[in-house]
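The block underneath contains the structure these notes are about, expressed in structure tokens.
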Amino acid sequence: MKKIFLLIFAFALFVSCEENFNPFDQLREKYALTCIIRGDTTFQVAAVTRTYANENYNPYSNTIDPNIAGAKIRIWNGDSVATFKDTTLVRNPGSKYQTPYHIYYTKKFTLDPNYDIEIEAILPNGIKLNSKTKPPNAIVFNYVDRVVPPKTKTHVDFIWDAGTIDNAYLTQVSIYYYKADDPKKTIKVAFVPVKYLNQDGKFFPISAKPSNSNKLVLDVETISKTMELISEGDSNKKNYVILGPYLEVVSFDKNLSTYFNSIARANDAYSVNLNEIDFSNIDNGIGIFGAYMHNYWSFDFTHAYIKSFGYTPGLADVEPPL
Amino acid sequence: MRKVFYLHFVFLIFSFIFLLPNKNLLAQETGTLRGLVADSTTAEALAFSSAYIKELKIGANTDSRGYFLITSVPANQNFTLVVSYVGYRTKTLTIRVAKGKMAHYNINLIPTNIQMQTIERVGERVTGTSDTKISIERISSRQLEMAPKGVEADVFRTIKYLPGVTATSDVSARYYVRGGTSNQNLVLVDGITIYNPFHALGLFSVVDPDIVNSIEFFKGGFGAQFGGRLSSVMNISTKDGNKNKFGVKASGSLLSGKFLLEGPIGKGSFIVAGRKSFSNQIIKKFLNDKTVPVDFYDVSFKANYVDPDFIPGSKFSFSGFSSSDNLNNSDPQIEDYNWTTNAYGFKWFQASDAPLFFELGLSVSNFKGLTIPKYSAKNALENKVADLGIQMDFTYMFDNRDEINIGLHIKQISTDLFFNNALGTPVKLNASGANIVMYGRYKLTQIDFLKLDIGSRVNLTTLSRNNVKKILEPRVNLSLNPFKNFSIKGSYGIFQQELTTISDENEVINIFEPWIVVPDYLPPTTSTHYIIGFDYSPYSFSTFSLEYYYKKTDNLPIVNQEKISSTDKDFIAGEGESYGIESALKLNIDPLTLSTSYTLAYAYRTIYGLRYYPKYDIRHSFNISLEVDLGAGWNTSVVWTYNSGLPFTQIVGFYDKYYFDNFFAGWMNTDPRRPYGILGVQNLGRLPTYHRLDYTLSKRFKFEPFNFDVSFSILNVYNRLNIFYFKRDTGERVNMLPFLPSATIRVEL
């Protein structure tokens, strides 16, 4: 019996060790082009990187910069063409890469939303990456609450014409103000989140997520909380001169909307999902080429509302419609 | 066209009834013997026990209700009936039947002190049974008790040791049968479909083993009485409750506390059992030390009424089952989950004076699952399943021992799924319909060396509105006994499934899988089974079986992982194919019981022409268990499991992907790039082999007036570091269960 137990013990020792396991196959060399065109500026940037692998399986420990310099990048929009220039930026202090951030830029690209945009990147090794996208249209607001607070409800609505199906929008409301005792009258911005999360008496802002909903509904309570936080800890409330709120709606083209969709699939807190969709519209490579438009809408606070926080109105008073 | 099929079916059934030689017409000098076999202490029916008439060398197995029928017993003569069941003293009694009459015997077996019994197919050597016994495993409550417990006894974890049944981890009780997906497994509790039979992220099953009387587990080729799923059927019959005296049981493990109350009530009996989780510490071990606020309960009850003065031979029962799981987080930035199952059923079983059984069943089964996002990034989800069923089943046995089963099953099923997609757009997938099925089976058993079970389901209406659907689901099972103790078996069948779950193939742990009716743009999923094998019992203490199976599945609904636009379909149709060989050897030499099994299996899926291994494709599986009855109430068992590596998708490189972390900050102001692992060909890699040794030691003893059952288990005795998954984003390796001791105690009054 003793022998049997000894044999079992020896066998257990033999098999209990952890087996080596390599989750990697041979590195597949690919190139990623990222270029996101802003519709409200002529300054555009692009970047090209390559795939990499590292021996300890942890990609965060890779310190060899995968950015690629020396590519020739051109962009077309209708009849106009722009060539990107090669430059470097200083990286954030916490970056794992020690080398400068290598990007391409042009200051001469004006987006004409009536035409498709095409991009071509010819890499130093001769590989050509291409892509094409259709810019989104500027949105048209068809219902907005112009004055805060409204008389008959506790929230404000902003509705715009729905664009192409699946287009995504991202919204942000900002409150502009300055301090009266600032000789330069520097304009400051307070961002209004979609909601505040009250956790143990502390308020955490919940930012807007990309959505293909063509409206924004914002509680006046949330705006009021942002107004309160502007002067938090400062008893001199009158020193704050409130100019007004501002709505920014970013509309994405189909490719960027899809890209958003693919990266926004939030996993839950417990499921373990080993995959994530990697949308790419770059021919002969990976990455994303897309365009977005900024759309703005300014609205107003009544003087009574601004004064209810002890602040000073900075613009003319308005009356909320009935 | 439907009429033609229907007529074919009716013709087929009646051909068998009338054309085959029926001794009943010729030999009127016989009678029928009917028996009800039960435990002498509790009067609980003993399913699958064997009854054998010594002089005539004919016999039968009891059904899940404890009944058996033996026809063509010569009238007015005394015979010796031997009734036996593992764990009970064999009973011998003299029986006598009158000409053209039925004699009914209530037979109570006395439990022996034998505690150790193996998971074996009981009554296997009884001749004259109508069962072809292909791809079926039968597990009694006693066998469940003796199976390796782990944290606590679990029905689903027990069947994972069976050949042909695989799992993707220690963590989940979810199981896969012969290359089929987990949603292709039908779980029936007293005939009621349970849609989400899992607690706590799939760690444990909702079925409390203490209420289980018997389990029939079909791995394929199941008869025409079962439908709606493609791969397997787990048919669980619950206990009726002690008809002789009141009893109370309480037990506790490191996971949950349980109670059970049973006893006689009027002319029947009742049983109520409940279980409630009280600790998450053990769950942390399953989830890589991650704290999950698991909170669950389940309650089962059953009451039955038997009054010979009311309707002789009748039995009425009402049963119910309710389970609920909550994952409630105090952190409002982490979402909550809730899922509940409520199922109720009524049955009227009638044994008539003729060799005819009739059963009417009414059932309601509801499932509701909720994802409550609170302030997390997770999107809301609500899933509801409502299943209303009516079924009538008739079983008639001819004097020549042939048997016919006919039934009508009506199911009204509605599924509602509501969720916000990744872009916040509400999506509703609602469907409802009725599946009306008539089925017929003819069991040919009059020829000693041949047993044939032939039948078909006829789908009079279906849930799916897709035109490509099966009206007929023919099933054939065959068993040949050319030599003593040797039988060759074969099976063929077509199976159809109209429900599916939204399950992500790349998830290794998930909360619950929402059920929906397969969308109309896809045809219902169909599967064809081919099985062939043999059983050989050279000695009374040994059994060897081998089965080869081939399964082809068409129109397999697979979640469209490439869906990026709202106009893209949620599901695409794939194909499945699996085949393999399963072998099992069982030796029972008192006090040792040795069981081994080996499976060689292949499973494939094809989507858009790409053929790959599904995540549960295990090439080689080997199990060996040794159980020893040490005497004086002591029992011990060791189980060693070996599986070759599971498939996984290899990483073929990383790239720094652009994420919209802070869009309004402008992408030059931040560096919103994070490494993204690029995956190679799906599931082409293999994880290292899996093996684990579990040990259980238990002791039963009496401390008046209580009976104690104490069990101590060690999972993963030699702390094998079996890999669970590999985190693609950080390179971290996550292992399955470590060395884990646990204990349970049960007190019975």
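Chains A and B are the protein sequences, given in the same order. The working numbering puts the first residue of the first sequence at 1, with every later residue one more than the last. The working numbering puts the first residue of the second sequence at 1001, with every later residue one more than the last. Positions of the beta carbon are idealized from the N, C-alpha and C atoms, including for glycine.
For this session: Give every residue of the same chain whose Cβ lies closer than 6 Å to the Cβ of B/Phe1739, excluding the five residues on either side of it in the sequence, and list them in chain order.
Result: Asn1716, Asn1719
Exercise. What is the C-beta distance between A/Phe158 and A/Pro210, in whole angstroms, given that I count them as a contact (C-beta under 8 Å)?
Worked result: No, A/Phe158 and A/Pro210 are not in contact; Cβ-Cβ is about 16 Å, not under 8 Å.
For this session: Counting only runs of 3+ residues fully inside the segment 1149–1187 of chain B, write out the beta strand (DSSP E) ranges in chain order.
Result: none
For this session: Identify whether B/Gly1645 lies in helix, strand or coil by the three-state DSSP scheme.
Result: coil
For this session: Give the DSSP-derived three-state secondary structure of A/Lys225 in the structure shown.
Result: helix
For this session: Take A/Pro329 and list the residues in its own chain whose beta-carbon comes closer than 8 Å to its own, dropping the five residues that flank it on each side.
Result: Here chain A covers residues 1 to 322 and nothing more, so residue 329 of chain A does not appear.
Exercise. How close, in whole Å, do the beta carbons of A/Ala47 and A/Tyr104 come, if the pair is a contact with beta carbons under 8 Å?
Worked result: 7 Å
Problem set entry | Cβ pair B/Ile1192, B/Ser1365 closer than 8 Å | yes
For this session: Report all residues from its chain with a CB closer than 7 Å to the CB of B/Ile1095; omit the five preceding and five following residues, and keep chain order.
Result: Leu1033, Phe1079, Leu1081, Ala1103, Tyr1105
Exercise. Among B/Tyr1613, B/Ala1431, B/Leu1388, which has the Cα closest to the Cα of B/Leu1687?
Worked result: B/Tyr1613
Exercise. Counting pairs of Cβ atoms below 8 Å between the segment 1605–1623 of chain B and the segment 20–27 of chain A, do you hit three or more?
Worked result: no
Exercise. Nearest to A/Val147 by CA position, among A/His303, A/Phe43, A/Ser308, A/Glu232, is which residue?
Worked result: A/His303
Exercise. What are the boundary residues of the alpha helix (DSSP H) that A/Asn261 is part of?
Worked result: 254–263
Exercise. Distance, Cα to Cα, A/Gly310 vs B/Ala1380?
Worked result: 39 Å
For this session: Would you tell me roughly how many angstroms separate the C-alpha atoms of B/Ile1215 and B/Tyr1344, rounded to the nearest one?
Result: 19 Å
Exercise. Given A/Ile36, which residues of its chain have a CB within under 6 Å of its CB, disregarding the five upstream and five downstream residues?
Worked result: Gly290
Exercise. What do you get for A/Asn236, buried or exposed, if any count of 16 or more other CB atoms within 10 angstroms of its CB means buried?
Worked result: exposed
For this session: Would you kindly work out how many angstroms separate the C-alpha atoms of B/Ser1545 and B/Asp1535, rounded to a whole number?
Result: 4 Å
Problem set entry | Euclidean distance between Cα positions of B/Gln1497 and A/Ser174 | 54 Å
Exercise. Less than 8 Å separating the beta-carbons of A/Ala121 and A/Leu111?
Worked result: no
Exercise. Along the segment 1358–1381 of chain B, what residues have a CB closer than 8 Å to any CB found in chain A?
Worked result: Thr1371, Tyr1375, Ser1376, Ala1377, Lys1378, Asn1379
For this session: Please list, in chain order, all residues of the same chain as B/Phe1358 whose beta carbon is under 6 Å from its beta carbon, the five residues on each side excluded.
Result: Gln1350, Phe1394
For this session: Using DSSP bridges, identify the partner residues of B/Tyr1659.
Result: Answer by DSSP bridge pairing: none, since B/Tyr1659 is not bridged.
Exercise. For chain A, is any of its Cβ atoms less than 8 Å away from the one on B/Pro1614?
Worked result: no
Problem set entry | Delimiting residues of the alpha helix (DSSP H) encompassing A/Tyr176 | Premise fails: A/Tyr176 lies in the beta strand (DSSP E), 169–179, not in any alpha helix (DSSP H).
For this session: Could you give the DSSP three-state label for A/Val220: helix, strand or coil?
Result: helix
For this session: Would you decide whether B/Phe1724 is buried or exposed? Buried here means 16 or more other CB atoms lie within 10 Å of its CB.
Result: buried
For this session: Give a yes or no on whether 8 Å exceeds the smallest Cβ distance from B/Pro1591 to chain A.
Result: no
Problem set entry | Which of helix, strand or coil DSSP assigns to B/Glu1818 | Because chain B spans 1001 through 1749 in this model, residue 1818 of chain B falls outside it and cannot be assessed.
Exercise. What are the residues of the segment 26–41 of chain A that lie near chain B, defined by any Cβ-Cβ distance shorter than 8 Å?
Worked result: Gln26, Leu27, Arg28, Glu29, Lys30, Ala32, Thr34, Ile36
Problem set entry | Enclosing beta strand (DSSP E) for A/Tyr305 [first to last residue] | Unbroken run through A/Tyr305 is the alpha helix (DSSP H), 303–307; no beta strand (DSSP E).
Problem set entry | Beta-carbon gap between B/Gly1320 and B/Phe1301 smaller than 8 Å | yes
Exercise. Near A/Val217, which residues of its chain fall below 6 Å by C-beta distance, leaving aside the five closest residues on each side in sequence?
Worked result: His155, Asp157
Exercise. How many angstroms separate the CA atom of B/Asn1481 from the CA atom of B/Arg1700?
Worked result: 41 Å
Exercise. For A/Asn239, which of helix, strand or coil comes out of DSSP?
Worked result: helix
For this session: Give the residues from the segment 1643–1661 of chain B that approach chain A closer than 8 Å (Cβ to any Cβ), ordered along the chain.
Result: Phe1648, Thr1649, Gln1650, Ile1651, Val1652, Gly1653, Phe1654, Tyr1655, Asp1656, Lys1657, Tyr1658, Tyr1659, Phe1660
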